[in-house]
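To keep things clear, I will list the structure first and then write my remarks on it.
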Amino acid sequence: MKTLIIGYGSPIRGDDALGPLAADRLEAGVLPRGVEVISRHVLTAELVADLADQDRAIFLDAAVDVEPGEVRCQRLAPDESAVSTMAHFLDPRELLAWCETLYGRAPESYLVTAGGDSFDYASYELTPVAEQAIDKMLEYVNRLVTEACEAPQPS
Amino acid sequence: MSRTVTIEPVTRIEGHARITLQLGDAGQVEDAKFHLTQFRGFEKFCEGRPYREMPALTARTCGICPVSHLLASNKACDHLLSVSIPPTGEKLRRIMNLAQLTQSHALSFFHLSSPDLLMGWDSDPVSRNIFGVMRQEPALAKDGIRLRQIGQTIIEMLGGKKIHPTWVVPGGVNEPLSQEKRDAMLKLLPEALEIAKRTYAFFKTLVPKFKDEADHFGTMPTLFFSLVSPKGNLEHYDGFLRVKDAKGNILEDMVPPWEYERLIGEAVEDFSYMKFPYFKAQGYPKGIYRVGPLARLNNANACGTPYADVALAEFHMLQESGPIASSFHYHYARLVEIIYAIEMMERLLKDPTILDTRVRARARSNRYEGIGVAEAPRGTLMHHYRIDDDGLITWVNLIIATGHNNLAMNQSIRQVADAYVDGNNLQEGMLNRVEAVIRCYDPCLSCASHAFGQMPLAIELKDAAGHIVDTLTRG
Chain G
1 MKTLIIGYGS
11 PIRGDDALGP
21 LAADRLEAGV
31 LPRGVEVISR
41 HVLTAELVAD
51 LADQDRAIFL
61 DAAVDVEPGE
71 VRCQRLAPDE
81 SAVSTMAHFL
91 DPRELLAWCE
101 TLYGRAPESY
111 LVTAGGDSFD
121 YASYELTPVA
131 EQAIDKMLEY
141 VNRLVTEACE
151 APQPS
Chain Y
156 MSRTVTIEPV
166 TRIEGHARIT
176 LQLGDAGQVE
186 DAKFHLTQFR
196 GFEKFCEGRP
206 YREMPALTAR
216 TCGICPVSHL
226 LASNKACDHL
236 LSVSIPPTGE
246 KLRRIMNLAQ
256 LTQSHALSFF
266 HLSSPDLLMG
276 WDSDPVSRNI
286 FGVMRQEPAL
296 AKDGIRLRQI
306 GQTIIEMLGG
316 KKIHPTWVVP
326 GGVNEPLSQE
336 KRDAMLKLLP
346 EALEIAKRTY
356 AFFKTLVPKF
366 KDEADHFGTM
376 PTLFFSLVSP
386 KGNLEHYDGF
396 LRVKDAKGNI
406 LEDMVPPWEY
416 ERLIGEAVED
426 FSYMKFPYFK
436 AQGYPKGIYR
446 VGPLARLNNA
456 NACGTPYADV
466 ALAEFHMLQE
476 SGPIASSFHY
486 HYARLVEIIY
496 AIEMMERLLK
506 DPTILDTRVR
516 ARARSNRYEG
526 IGVAEAPRGT
536 LMHHYRIDDD
546 GLITWVNLII
556 ATGHNNLAMN
566 QSIRQVADAY
576 VDGNNLQEGM
586 LNRVEAVIRC
596 YDPCLSCASH
606 AFGQMPLAIE
616 LKDAAGHIVD
626 TLTRG
């Protein structure tokens, strides 16, 4: 099974770097066969081509709508209406909709997020609560990669 | 009576802005302004940072053109070190810049502008978006994605997949190119060139349909500002500054980039966070100039690569004589530049010295002031730093490509509003044209303002007394 894990966020905006730092941590370890990990500042259009031939995609991101340190895993479905307000980054659901529209399929996808506490500019460090959340994010990822997913269905 | 029209999806520009159209008593447009409503802060919070942090820090200004900031910033640091970087290091930096240009132009053309170009400005806004393009022209949409993927792949082969690439460093690059990577990159380029050529051929068939837009979308006499090579040819990484007027007269030439302050002044207005650069010799606001693909092609004597030179000749045939005046033709110029970038990458990768292992000059800071200038996809990008004895930044000035075009964008929306907007009967298609002229410039407002938060794009129509009588908002 081919799995693409994408951590995204800004590395100079404090806890916004949760996604790429979690991805870096994954990449530093031993990855199961068929699993690829990449980091991005933002999600951009060319990722559609990378996603198109995957069986599964896992997005790693920071969140502002959950308590700092809280980790959430949700199933994602393609959604054309999930259009970003800025043209230079895309919502993961929009990326999946691009996939489905152009290539006739989209990978089974999940979003693993952790609540951030500080998103200050020119901050290269995670807050302690965000730092602790990375381990929980990786637990979710490992479960998704190694087991049948028990994450919530698309809402 | 005031009313609000809301259009979904959001507008197709990089960032958020507001346009206001001021109406006279008879409902005619009397003034038009392009407001950037985002807070500007990068120059300030960079103060106190070690200068070697600047490339990584400023590269995060933008998710679309981080490579441009990375290069301009490292060039400013090269200047601080007072070094000439090894030729192979420079060639490798050039390849990365051209890969970035390819993918950025692809986003602008295929994904942001193609809905208007393929479906028309008056088409149903519900389907006038990238999904509409995918359904109507799936092959074109796939080409756009593939071109971006190739550009990004080359950037990653050079800089690594890490989000904080540290491959480009003050003094050069920190790792030579392996033969394996060189060969892998070369394999990608024929497909990229085929995509670029067929897209260009396709777009040429569309251009005659847009004569009216070409006549009114920022079709005005301005100066053109860009880097050119020592031979006066198309240049994106180094070279000298050239300023040409609307008739084709060269007003300034072969100006070293570190003398940019002799040419450019920066004004501010209370209605926008974006600065208003102007050509000093003509004063503000008369010294209006344009940068970016249109200006680069207007300023260049030649591209210097086979297919791009043919396309450049055809570009100049869009008008009887002189520099191409219409900002609508930024789209055309972008496609010519994609062809050029791919051809030039191939040439550089086939250069016998490209695998040379001497790619970095090492030094400590040897001056207190450094200036780095490169051509970003949207135009000339300038990084200017001052440091103290400890190498800490004491002052920063960034002039971003989109900022250079600020005066021109304001004048362009006025022209489009005059031509298309009926103040007594506001139609979505009219206002889409007002936005579309901004899209011609492919502005990156996040770069230009160094965005802090988000604002939706809104167009406000004001009566003679300044009261808002109509609003169109997106986002």
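So the protein lines, in turn, are chains G and Y.
The opening residue of the first sequence carries number 1 in this note's numbering; numbering runs sequentially from there.
The opening residue of the second sequence carries number 156 in this note's numbering; numbering runs sequentially from there.
Built from N, CA and C at the ideal position, the CB exists for glycine as well.
Against chain G, the beta carbon of residue 357 of chain Y has no neighbour under 9 Å; the closest one sits roughly 18 Å away.
Excluding residues up to 5 positions away in sequence, 298, 301 and 302 lie with their Cβ nearer than 7 Å to the Cβ of residue 350 of chain Y in the same chain. Interface annotation, residue 189 of chain Y: not in contact with chain G, CB-CB separation never under 8 Å. Per DSSP, the continuous beta strand (DSSP E) segment holding residue 537 of chain Y begins and ends at 534 to 542.
Setting aside the 5 residues that flank it on each side, residue 400 of chain Y is surrounded in the same chain by 378 and 406, each with a C-beta closer than 6 Å to its C-beta; the list follows chain order. In the same chain as residue 324 of chain Y, and ignoring 5 residues on each side of it, the C-beta atoms closer than 7 Å to its own belong to 229 and 515, in chain order. The shortest CA-to-CA distance from residue 384 of chain Y to any of Y:454, Y:616, Y:442 and Y:328 is the one to Y:454. When the beta-carbon positions are compared, residue 27 of chain G and residue 42 of chain G stay at least 8 Å from each other. For residue 304 of chain Y, the enclosing alpha helix (DSSP H) begins and ends at 293 to 314. For residue 176 of chain Y, DSSP records a beta bridge to Y:187 and Y:616. Residues of the region 266 to 296 of chain Y whose Cβ lies closer than 8 Å to any Cβ of chain G, in chain order: 266, 267, 284, 285, 286, 289, 290, 293 and 296. Distance from the Cα of residue 423 of chain Y is smallest, within the candidate group Y:554, Y:333 and Y:617, for Y:554.
With a cutoff of 8 Å on beta-carbon distance, residue 254 of chain Y and residue 306 of chain Y are scored as near each other. Residue 517 of chain Y counts as exposed, since fewer than 16 other C-beta atoms from the protein chains shown sit within 10 angstroms of its C-beta. The beta carbon of residue 186 of chain Y is closer than 6 Å to those of 177 in its chain, skipping five residues each way along the sequence. Rounded to the nearest whole angstrom, the C-alpha separation of residue 212 of chain Y and residue 201 of chain Y is 8 Å. Annotation for residue 221 of chain Y: 214 place their beta carbon closer than 6 Å to its own, counting only its chain and skipping 5 residues before and after.
The way I'd put it, the region 572 to 591 of chain Y does touch the region 266 to 278 of chain Y; three or more beta-carbon pairs between them come closer than 8 Å.
Annotation: residue 1 of chain G to residue 144 of chain G spans about 12 Å, alpha carbon to alpha carbon.
Relative to residue 509 of chain Y, the option among Y:289, Y:338 and Y:540 whose CA is nearest is Y:338. Contacts with chain G at 8 Å (Cβ-Cβ) do not include residue 350 of chain Y. For the C-beta of residue 102 of chain G, the chain Y residues within less than 8 Å are, from N- to C-terminus, 289, 293, 296, 297 and 300. In this structure, the alpha-carbon of residue 304 of chain Y lies about 7 Å from that of residue 49 of chain G. For residue 258 of chain Y, the chain G residues whose Cβ falls inside 8 Å of its Cβ are 46, in order along the chain. Using a Cβ-Cβ cut-off of 8 Å, residue 11 of chain G counts as an interface residue toward chain Y, since at least one Cβ of chain Y sits closer than that to its own. Here residue 389 of chain Y is buried. Its C-beta has 16 or more other C-beta atoms within 10 Å. Those residues of the region 564 to 581 of chain Y placed with their C-beta closer than 8 Å to a C-beta in chain G do not exist. In this structure, DSSP gives residue 54 of chain G a state outside helix and strand, which the three-state scheme calls coil. Using a CB distance cut-off of 8 Å, residue 303 of chain Y counts as an interface residue toward chain G. In this structure, the beta-carbon distance from residue 223 of chain Y to residue 532 of chain Y falls below 8 Å. Beta-bridge annotation (DSSP): residue 49 of chain G is not paired with any residue. In this structure, residue 3 of chain G and residue 55 of chain G form a Cβ contact; the two beta carbons are roughly 7 Å apart against a cut-off of 8 Å. Across the structure, residue 394 of chain Y and residue 79 of chain G are spaced so that their CA atoms are roughly 46 Å apart. Sequence-distant Cβ neighbours of residue 72 of chain G in its own chain, meaning closer than 6 Å and more than five residues away, are 66 and 113.
The residues 188 and 190, in chain order, have a CB closer than 7 Å to that of residue 426 of chain Y in the same chain once the five nearest residues on each side in sequence are set aside. Residues of the same chain with a CB within less than 6 Å of the CB of residue 419 of chain Y, apart from the 5 flanking positions on each side, are 432 in chain order.
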